[in-house]
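Student: There's a structure below that I have some questions on.
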Amino acid sequence: VDVYEQMYGEKPKVVAIHAGLECGLLGSKIADLDCVSMGPDMKDIHTTEETLSISSTKRVWEYLVRVLETKD
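In the working numbering, the protein residues as written are 1 to 72.
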């Protein structure tokens, strides 16, 4: 949250939704694992009309890199 606020000047919206299949699978196999699923803006997922926001993908990548840089 702190990194996001530093980068974008606002607090992120942190919500829980039913969309993290991989987190559920990994969490069931690895004890005490903290999982986060995040990604770019997408619409009409798993349909022939699926779209991905390129600008959102860039923001997610830059954010992920910055978060990893701040980890011990």
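Note that beta-carbon positions come from the ideal geometry of N, C-alpha and C, so glycine has one too.
Computed from a predicted model, the values in this text were never measured in an experiment.
Looking at V15 and Y63, is the spacing between their C-beta atoms short of 9 Å?
Tutor: Contact: no.
Student: Among L21, T51 and D41, whose alpha-carbon lies nearest the alpha-carbon of K58?
Tutor: Considering only alpha carbons, the answer is D41.
Student: Using the DSSP secondary-structure output, state which residues sit across from T51 in a beta bridge.
Tutor: In the DSSP output, where bridge partners are listed per residue, T51 has K43.
Student: In this structure, does DSSP put D34 in helix, strand or coil?
Tutor: Three-state result, D34: coil.
Student: Could you compute how far the alpha carbon of L26 sits from the alpha carbon of D34?
Tutor: Near 9 Å, if we compare the C-alpha coordinates of D34 and L26.
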